[in-house]
Amino acid sequence: MIHVTTPLLKENLKKLKAGDQVLISGYVYTSRDAGHQRMVDQLAKGEALPFDVVNSIIYYVGPSPAKPGEVIGSAGPTTSYRMDPFAPTLIKEGLSGMIGKGNRSQEVVKAMVEYGAVYFAAVGGAAALIASSVKESTVLAYEDLGTEALRRLEVLNFPCIVVIDSQGNNLYETEKNKYRNQG
Amino acid sequence: MREIPVSELTAKIKNLCIEANYIASTDIVEALNDGLSNETSPIGQNILNQILDNAALAKEKRMPICQDTGMAIIFLTIGQEVHFVGGSLEDAVNEGVRQGYEEGFLRKSVVEDPFNRVNTEDNTPAVIHYAIVPGDQVIIEVTPKGFGSENMSQMHMLKPADGIEGAKEAIIRTVDEAGGNACPPLIVGVGIGGSFEKAALLSKRALLRDVDEHAKSPEIRAMEEEVLNKINRLGIGPQGLGGLTTALAVHIETYPTHIAGLPVAVNISCHVTRHRKAIL
């Protein structure tokens, strides 16, 4: 098991290989469909983003509401391909990592290889388990979007798998082929 | 004639929404354990273990199994001797959803318009399907449906000449294209026959079955088994990261259709597939 801490520097992310099982600790930023649209619109207008995207990790999640006394509700990954139209823009701005589930477009993988970024999968539906690795949650922007608001989460040992590395190796393709026509 | 106050539906639906989201149903947990004992991929085993640990934790802490607590899909099977009193039936159903999602700390995932995307803040309206049958009972079935898997569903308007082999191929291709996006291991609901919307409705209904509840007709049951076997040889595996556990069940419902048609609707559902039932 490999420990990954944020900010995720480019020289560190290049050591991560598709198939590595990792535990992420530090700050990650939450955003999904509507939040990505806003971030890309802000960049197009020449405005600064609500957080420093350089060397950061974005987690594609819309958590359920926190019960009283809890930091966050259930918080598993949402499907990543819906963020594919926006991801290359953020990668060019310096984004180092994305956490989600499901395969990515060729454009996203190309930007990851060109600028240096890594894509992690968390287990979709393991949302209560993942919530237990969240120690703090702060809304930074877009509060009107409710579950889709931009949050900063402090995570400790958030279990993920490197599924597409910065060389473009893709676990969704290699592993599926290994098990095809077996069983 | 049997009078039923609509408030009884509100209370039941509220509880069904909460329980469905907190407690993984026994049939799914058993099927996941079976999958784990058969899985050879180390990554796949790790993922199945996390899914099972998660289900236990969600039940213990009374929190949602998955943060996508779904759009509330509700099937009401109403005996024709029943007379609802005390207000609008539809309002009572939505009030149950509203209370369940609010009091259960479930996520509000419904937007009021497909284009303006403004959240309704209480997860209403529900999608409600009514059926009128003989008798004086009301059967309420609730399936909160997540959209990671809903988005991977497909409709195929096949030709009669495509036959049963064409239908099998369409189901398998739909699952293959869904890959890891729909949170496998999956429950695959299939509706075959009827018209465009009838096939889609049958495919959703098929998701309400328990994992080990098979089609009554021997031919369709054999088809379910063959398609499930072929899906589990695609290699997709848990979360699409390789393995032998791609689907836990394939449920197929059929209906008479037109001489010119062979509609095949495939409703993809994730490993959480929530389904709860109550009878009034």
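These protein sequence lines are chains A and B, in that order.
First residue of the first sequence: 0, per numbering that gives the first Met the number 0; consecutive thereafter.
First residue of the second sequence: 0, per numbering that gives the first Met the number 0; consecutive thereafter.
Glycine is no exception: its CB is placed at the ideal position from the N, C-alpha and C atoms.
Every value quoted in this text rests on a predicted model; they were computed, and no experiment measured them.
When C-beta atoms of the segment 251-269 of chain B are compared with those of the segment 193-204 of chain B, three or more pairs fall below 8 angstroms, so the two segments count as touching. The Cβ atoms of residue 59/A and residue 151/A do not sit closer than 9 angstroms to each other. Beyond the five residues adjoining it in sequence on each side, residue 222/B comes within less than 7 angstroms, by CB distance, of 163, 167, 251 in the same chain, given in chain order. Here residue 155/B is buried: its Cβ has 16 or more other Cβ atoms, across all protein chains shown, within 10 Å. Residue 7/A is positioned such that its CB atom lies no closer than 9 angstroms to that of residue 71/A. Counting only the Cα atoms, residue 204/B lies some 42 angstroms from residue 90/A. Residues of the segment 40-54 of chain B with a C-beta less than 9 angstroms from any C-beta of chain A: 40, 42, 43, 45, 46, 49, 50, 52, 53, 54, listed in chain order.
Residue-level contact check: residue 64/A touches chain B, since one or more beta carbons of chain B fall below 9 angstroms from its beta carbon. What residue 124/A touches in chain B, judged by beta-carbon distance under 8 angstroms, is 50, 53, 64, 65, 182, 269, 270, 271, going in chain order. The residue from 247/B, 264/B, 172/B, 278/B with its alpha-carbon nearest to that of residue 36/B is 247/B. Residues of chain A with a Cβ closer than 7 angstroms to the Cβ of residue 68/B are, in chain order, 63.
If you look at residue 137/A, you'll find it in the beta strand (DSSP E) that goes 133-140. Beta-carbon to beta-carbon, residue 235/B and residue 179/B are separated by about 7 angstroms, close enough to satisfy the 8 angstroms threshold.
Within the segment 206-266 of chain B, the complete beta strand (DSSP E) segments of 3 residues or longer fall at 246-256, listed in chain order. Scanning its chain for C-beta atoms nearer than 8 angstroms, with the 5 sequence neighbours on each side dropped, one finds around residue 110/A the residues 86, 87, 90, 91, 116, in chain order. By alpha-carbon distance to residue 19/B, the top candidate from 137/B, 261/B, 63/B is 63/B. Listed in chain order, the alpha helix (DSSP H) runs fully inside the segment 65-149 of chain A are 86-91, 105-114, 126-130, counting runs of at least 4 residues. Here residue 238/B is buried. Its C-beta has 16 or more other C-beta atoms within 10 Å.
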